[in-house]
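Have a look at the structure below, then the notes.
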Amino acid sequence: MSFDFDHEIDRKPTHSFKWDKYKGQDILPMWVADTEFSPPQVVLDAIIERTQHGPLGYTLPYESLNKTTVKWIKDQHGWDIKPEWLVWNPGVVPAFNIACKAFCEEGDRILVQTPNYPPMLKAPELNKCELVRVPSLLADGRYYLDLDALAKQAADPKTKLFLFCNPMNPCGSVLTEQELQKIADICAANNVVICSDEIHCDLVLNENTPHIPMPTIKGAEDNSFSLMAASKTFNIAGLGVSFSVIPNSKLRNAFRNAAMGIVPWAQVLGLVATEAAFAQGHAWHSALIEYLLSNQAYLYNEINALKGLSMVKADATFLAWIDCSGLGLDDVQAFWENAGIGPSPGRDFGEPQFARINFGCPRSHLEEAITRLKKAILALG
Ligand SMILES: Cc1ncc(COP(=O)(O)O)c(C=O)c1O
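Numbering (numbering that gives the first Met the number 0), first residue to last: 0 to 380.
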């Protein structure tokens with residue numbers, strides 16, 4: 000079966016968040032983390048079939064959806080979960096904010112690995128807690144978590160929660176079993192709950208670094224849970240559905256209670272799309288990974304050949320975290336935008352000398368971006 004990821008789709012008329020940011024400007028948007036690809040036809044067909052039926056009222060997550068999700072997680076990650084561990088949410092951002100509300104009180108400390116997805120950095124303050132940064136470090140072309148810093152910060156009795164992102168966004172590393180075991184041990188010893196955002200877990204590009212869900216780690220089943228979704232992989236983020244996998248019933252009840260009355264149910268079309276993707280999206284998913292690998296290799300070679308720029312080859316995600324410090328610029332984002340490319344600003348993730356480029360796009364977009372970038376770097380002299 001072949002799928003045409005090279006096909007260019009004009010998203011400008013659709014009020015796309017990504018494309019609207021630079022409306023009327025000749026800037027190629029490569030920021031927010033949705034891809035330029037159409038979901039698999041089986042997903043679109045399922046949505047069409049559901050809408051043709053008519054009424055689109057409140058819809059509870061249902062047995063076949065749960066069964067399909069259980070099977071997807073088993074097939075992709077070798078994790079045997081029970082359907083009752085699944086809590087459906089309208090997104091991962093609401094889910095990690097629910098976690099703050101469920102497991103912390105005002106004034107508590109929440110650990111967040113940095114750099115990180117901006118809404119995760121904002122979650123502690125939104126929930127009247129203190130943000131405590133646990134840095135990621137770079138060694139031998141790979142980012143990893145500073146476990147000494149984690150141990151030091153977790154030991155403070157006011158620390159209640161670790162908001163953790165694996166695969167990492169924006170750094171792209173998939174943590175190893177040994178690393179996860181250390182994180183689990185540190186958090187268990189200090190009664191710190193681990194909220195593991197694994198939204199990018201089906202986008203592993205490096206076959207040597209399989210994704211390992213946090214609750215499968217020895218000693219972590221009862222104080223951690225995974226946040227997952229089909230949204231990034233199958234480009235259905237606009238349908239607002241994710242799921243939290245919470246093995247421990249006490250944590251699960253606390254999480255459900257914290258969401259009650261505030262967070263809406265997951266949306267019907269998102270549930271339908273998720274089920275179709277997980278049931279019938281395997282071939283498309285494999286082809287997507289191949290395409291992303293080839294885009295990543297292209298970008299990696301081009302970026303690292305440019306003076307002043309460097310990127311590591313991430314284990315996962317369609318995001319490239321580009322170190323621009325060698326250019327010696329005061330405003331990295333302005334440089335990229337003046338070049339006609341719109342990355343996610345590194346400063347939003349906590350690193351002003353970086354830019355995050357989304358390579359979940361047709362190769363032609365990437366080639367155009369590289370042409371523009373080379374011109375801008377030449378102009379720097
Ligand atoms: C790590 C991470 N978590 C959560 C989200 C957003 O999740 P949702 O759209 O389901 O709220 C993103 C989107 O970029 C992300 O990268």
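Even for Gly, the Cβ is constructed at its ideal location relative to N, Cα and C. Small disclaimer: the values here were computed from a predicted structure and weren't measured.
* From 127, 149, 308 and 245, pick the residue whose C-alpha is nearest to that of residue 136; which is it? -> 149
* Asked: Does the count of Cβ pairs from the region 162–172 and the region 313–329 closer than 8 Å reach three?
  -> yes
* To do: Answer yes or no: the CB of residue 116 versus the heavy atoms of ligand 1, is any distance below 6 Å?
  => yes
* Asked: Could you give the distance in angstroms between the alpha-carbon of residue 205 and the alpha-carbon of residue 311?
  -> CA-to-CA, the gap between residue 205 and residue 311 works out to about 12 Å.
* Asked: Per DSSP, residue 108 forms a beta bridge with which residues?
  -> 129 and 158
* Measuring CB to CB, does residue 341 end up less than 7 Å from residue 25? -> no
* Identify, in the order they occur along the chain, each residue of the same chain with its Cβ nearer than 7 Å to the Cβ of residue 262, setting aside the five sequence neighbours on each side. => 88, 89, 93 and 97
* **Spatial neighbours of residue 397 in its chain, beta-carbon cut-off 6 Å, leaving aside the 5 residues before and after** => Since the first and last residues shown for the chain are 0 and 380, residue 397 lies out of range.
* Whole runs of the alpha helix (DSSP H) within the region 216–254, excluding any shorter than 4 residues -> none
* If you compare alpha carbons, which of 95, 37 and 176 is closest to residue 194? -> 95
* Run of the beta strand (DSSP E) containing residue 353, from where it starts to where it stops -> 353–357
* **Three-state secondary structure (DSSP) of residue 324** => Reduced to three states, the DSSP call for residue 324 is helix.
* Asked: Quick one, what's near ligand 1 if you take every residue whose CB is closer than 6 Å to any heavy atom, in chain order?
  -> Taken from the N-terminal end onward, the list reads 32, 90, 91, 92, 116, 164, 168, 196, 198, 228, 230, 236 and 241.
* Is it a yes or a no for the region 265–278 touching the region 108–125, going by three-plus beta-carbon pairs under 8 Å? -> Fewer than three pairs of CB atoms, one per stretch, sit closer than 8 Å, so the region 265–278 makes no contact with the region 108–125.
* **Cα-Cα separation between residue 301 and residue 327, rounded to whole angstroms** => Taking the straight line from one Cα to the other gives about 19 Å.
* To do: Consult DSSP for residue 138 and reduce its assignment to one of helix, strand or coil.
  => strand
* To do: Pull up the CB-CB distance for residue 325 and residue 309, whole angstroms please, since I reckon it's below 8 Å.
  => The distance from the Cβ of residue 325 to that of residue 309 is about 7 Å, consistent with a contact at the 8 Å cut-off.
* Asked: What does DSSP give as the partner residues of residue 344 in its beta bridges?
  -> As DSSP reads the structure, residue 344 sits in a beta bridge with 354.
* residue 157 versus residue 128 - alpha carbon distance -> Whole-angstrom Cα-Cα distance: 10 Å.
* Asked: Going by the CB atoms, is the gap between residue 276 and residue 229 shorter than 7 Å?
  -> yes
* To do: For residue 369, collect the residues of the same chain with a Cβ closer than 6 Å to its Cβ; drop the 5 residues on either side in sequence, then sort them by chain order.
  => 301
* Which two residues bound the contiguous alpha helix (DSSP H) that contains residue 376? -> 362–379
* **Whole-number beta carbon distance between residue 224 and residue 250, since they are thought to touch under 8 Å** => About 6 Å separates the two Cβ atoms, so the contact holds.
* To do: Determine contact between the region 63–80 and the region 291–306, defined as no fewer than three beta-carbon pairs at a distance below 8 Å.
  => no
* Assigned exposure category for residue 166 - 16 Cβ within 10 Å defines buried -> buried
* Is the distance from the Cβ of residue 196 to the Cβ of residue 160 below 7 Å? -> No. Outside cutoff.
* Can you tell me the Cβ-Cβ gap for residue 376 and residue 307, rounded? I've got them flagged as a contact below 8 Å. => 7 Å
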